[in-house]
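As structure tokens, the structure follows; a few thoughts come after it.
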Amino acid sequence: MEIIHVSAECYPMAKAGGLADVVGALPKYQQDLGHIAKVVMPMHRTKFLLENEWEVAHKGGFTMGSTYMEFTIIKEKTNKLGFDLYCVDINGLLDRENIYSYDDDTERFVAFQIAVLEWINQWEHQPDIVHVHDHHTALIPFMMQNSFVYGRLSNIKTVLTIHNAQYQGWMNWEKATYLPAWDTWKWGLLEWDKMVNPLACGIKCAGRVSTVSPGYMKELFLSANGLEGLFNMEAAKCSGIINGIDYAVWDPATDTYILDNFSVKDEETGKELNKKKLCDDFGFDIKLPLFVFIGRLVGEKAADVLPGAITTAYTQYGKTFSFLILGSGDKTVEAQLQAIEQIGYYNTQISYNEKLSHQMYAGADFLLMPSRVEPCGLNQLYALRYGTMPLVRRTGGLQDTVTDFGDTGGYGICFNQATVEDIVHAMGRAIEVYKNKKLLPQLRNRMMNIESSWESSAQKYIDLYLSI
Ligand code: GLC
């Protein structure tokens, strides 16, 4: 099969979150299964763009609303990622340093999607699957089926994967004129709750809809930021496929970002050496258990509860632990974290610090993820692979991937609420585990032996395509 992934992010070209990791890995594993998988994304002005060699694959133009736009598709020359990576440049719209958060994001992503279809429409052959990710690319199935110019593409099978249903790309109705002339009888496909809702439109039009864990899929039927009714109507084509992790990037035995490589055989010394480096860098006492939090400081990740939970834990347990945070987001939370003296806080605002994140997975004892919403969560999977015990709220993909050490075969710590009380209690349990010098290595052994590579999930996507 030939599969075209369309996404706003792809690691290592551009990453804001887990979406990039998935789109940077899944195609590689699909290639290993004998398929052709390609990625098309906007040409963001990133380090990867500037450091690699590109060739022009296509040039074209289209009218969006009343503006004529020229676009260029470039292809990375050396197959560096193990699959063909194409980037779309549209003058003035896409060649920017950040991936999101511009006032004209609607125009940027609609134009990107049109450019992708303009290009595919010129191909002599047709791909078997167009696989779109999140709302930034979710208008593609609608346009393939209802924009007159793309009539040729209307029978190609489409899949929408939802990495986060909180963001839906809402647009005012006036902007529907941006889409290449479409069958206006079909306006209902674009709409949800009186607005053009790209994510809702993708759910209605895609041949299959998947999300990144079975647990999150179940939650979406009950609560999906206004789309729960739609998920129930479309339930027959919805399913959850858990993400894998890219073992080529996330393996403590070969990771070039960390000080000392280790595997399950020598994890105790390996983790100790990596922990020493982190503790030296941030001025922590190596004898104390080290907790980390890695991620955006936003409500979805329950970052607002962190300052209260950490200070309460210090009051309750004394200075018996260290805490290191890597992330940026809500300014109030950032200021509150900076004000807690005993903790290390590394702000990622300027650029996401991939290297430090690897060092944290390798050197920490515990990773805290109290997320209110977590479609899959990759950080807990990285932590497990690096022998770092995850403390997670029972939600979405976290619930699917972490079993409490109190349950048979368990290896993590699970709690129910994103509250100060629940987090502090979970941290208390972690501190006790840390003191038990026999138990911790046993649990680490268990974690590191868990299989979470992409192989089986990559095959599940192939099966999903075949089911259309
Ligand atoms: C989003 C979700 C996260 C998921 C990732 C990759 O970032 O919030 O839970 O792991 O996408 O699918």
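8 is the number of the first residue of the sequence shown in my numbering; add one for each residue after it.
Cβ atoms here follow ideal geometry from the backbone N, Cα and C, with glycine treated the same way.
Note that this is a predicted model, so its numbers are computed, not measured.
Check your understanding: Is DSSP giving residue 199 helix, strand or coil here?
Key -> The answer is strand: DSSP assigns residue 199 an E or B state.
Check your understanding: What do you reckon, are the CB atoms on residue 385 and residue 28 nearer than 8 Å?
Key -> Closer than 8 Å, so yes.
Review point. So is the beta-carbon of residue 381 under 7 Å away from any non-hydrogen atom of ligand 1?
Key: Yes; taking the cut-off as 7 Å, the Cβ of residue 381 has a heavy atom of ligand 1 nearer than that.
Check your understanding: How about residue 132: is its Cβ closer than 7 Å to a heavy atom in ligand 1?
Key -> Checking the Cβ of residue 132 against ligand 1 gives no.
**Study point:** Residue interval of the beta strand (DSSP E) (run including residue 165)
**Key:** Annotation for residue 165: the continuous beta strand (DSSP E) segment containing it runs 164 to 169.
Practice item. Between the Cα of residue 314 and those of 337, 195 and 43, spot the shortest distance and give me the residue it belongs to. Key: Residue 314 has its Cα closest to that of 337, out of 337, 195 and 43.
Review point. Shortest alpha-carbon distance to residue 84 belongs to which of 238, 370 and 57?
Key: That would be 57, whose Cα lies nearest to the Cα of residue 84.
Practice item. Measure from the C-beta of residue 419 to each C-beta in chain D and report whether the shortest distance is under 8 Å. Key: Absent from the structure: chain D. Only one protein chain is present.
**Study point:** Outcome for residue 367 when other beta-carbon atoms lying within 10 angstroms are tallied against a minimum of 16
**Key:** Answer is buried; the Cβ neighbour count reaches 16.
Exercise for review: Going by DSSP, name the residue or residues bridged to residue 66.
Suggested key: When beta bridges are read from the DSSP output, residue 66 appears opposite 79.
**Study point:** Per-residue burial, residue 365 [other beta carbons within 10 Å of its own, 16 or more giving buried]
**Key:** So residue 365 counts as buried.
Exercise for review: State the Cα-Cα distance for the pair residue 52 and residue 98, rounded to the nearest angstrom.
Suggested key: Distance between the alpha carbons of residue 52 and residue 98: 12 Å.
Review point. Just to confirm, does residue 306 get its C-beta within under 7 Å of one of the non-hydrogen atoms of ligand 1?
Key: Not one heavy atom of ligand 1 falls within 7 Å of the beta-carbon of residue 306.
Check your understanding: Which stretch, first to last residue, makes up the alpha helix (DSSP H) that contains residue 218?
Key -> In the DSSP assignment, residue 218 falls outside any alpha helix (DSSP H) and lies within the beta strand (DSSP E) extending over 215 to 218.
Review point. For the alpha helix (DSSP H) that contains residue 369, what are its first and last residues?
Key: 361 to 370 is the span of the alpha helix (DSSP H), which, as asked, contains residue 369.
Check your understanding: Is there at least one non-hydrogen atom of ligand 3 closer than 7 Å to the beta-carbon of residue 170?
Key -> As far as ligands go, the structure on display features ligand 1 and does not contain ligand 3.
Check your understanding: In chain order, what residues of the same chain have a beta carbon less than 8 Å from the beta carbon of residue 128, not counting five sequence neighbours either side?
Key -> These residues qualify, in order along the chain: 156, 157, 159 and 160.
Review point. Can you check whether the CB of residue 265 is closer than 8 Å to the CB of residue 281?
Key: Taking a C-beta distance under 8 Å as the contact criterion, residue 281 and residue 265 qualify as a contact pair.
Review point. Taking C-alpha atoms, which residue in 167, 346, 421 and 354 lies nearest to residue 373?
Key: Nearest of 167, 346, 421 and 354 to residue 373, Cα basis: 421.
Review point. Does the stretch 166 to 177 come within contact of the stretch 205 to 223, defined as at least 3 CB pairs closer than 8 Å?
Key: Verdict: yes, contact present.
**Study point:** residue 216 beta carbon near ligand 1 (any heavy atom closer than 7 Å)
**Key:** Not so, every heavy atom of ligand 1 lies at least 7 Å from the Cβ.
Point to revise | residue 398: CB within 7 Å of a non-hydrogen atom of ligand 1 | key: No.
Check your understanding: How about residue 26: is its Cβ closer than 7 Å to a heavy atom in ligand 1?
Key -> Yes.
Check your understanding: What do you reckon, is the C-beta of residue 232 under 7 Å from a heavy atom of ligand 1?
Key -> No - ligand 1 has no heavy atom lying nearer than 7 Å to the Cβ of residue 232.
Check your understanding: Which stretch, first to last residue, makes up the beta strand (DSSP E) that contains residue 142?
Key -> In the DSSP assignment, residue 142 falls outside any beta strand (DSSP E), carrying neither H nor E.
Exercise for review: Sort out for me which residues DSSP pairs residue 61 with in a bridge.
Suggested key: Beta-bridge pairing by DSSP links residue 61 to 83.
Exercise for review: Compute the beta-carbon to beta-carbon distance between residue 304 and residue 335, rounded to the nearest angstrom, for a pair I have assumed lies under 8 Å.
Suggested key: 6 Å between Cβ atoms; contact.
Review point. Is the CB-CB distance between residue 114 and residue 82 below 8 Å?
Key: Here residue 114 is not near residue 82, since their CB atoms are 8 Å or more apart.
Practice item. Kindly identify the DSSP beta-bridge partner or partners of residue 437. Key: Residue pairing by DSSP places residue 437 opposite no residue, since no beta bridge is assigned to it.
Check your understanding: So does the stretch 251 to 262 actually touch the stretch 282 to 296, counting three or more Cβ pairs closer than 8 Å?
Key -> The stretch 251 to 262 is not in contact with the stretch 282 to 296.
**Study point:** Inter-residue Cα distance where the pair is residue 406 and residue 242
**Key:** Going from the Cα of residue 406 to the Cα of residue 242 covers about 21 Å.
Exercise for review: Could you tell me the distance, in whole angstroms, from the CA atom of residue 54 to the CA atom of residue 105?
Suggested key: Taking the straight line joining both Cα atoms gives about 11 Å.
Practice item. In angstroms with no decimal places, state the Cα-to-Cα distance between residue 88 and residue 150. Key: Looking at the two C-alpha atoms, the distance is approximately 29 Å.
Review point. Which class does residue 459 belong to by DSSP, given the choice of helix, strand or coil?
Key: The three-state secondary structure of residue 459, taken from DSSP, is coil.
Exercise for review: Could you tell me whether the Cβ atoms of residue 10 and residue 138 are closer together than 8 Å?
Suggested key: In contact: residue 10 and residue 138 (Cβ atoms closer than 8 Å).
Check your understanding: Can at least three beta-carbon pairs, one atom from the stretch 387 to 398 and one from the stretch 430 to 437, be found at a separation below 8 Å?
Key -> Judged by Cβ distances under 8 Å, the stretch 387 to 398 makes contact with the stretch 430 to 437, as three or more pairs qualify.
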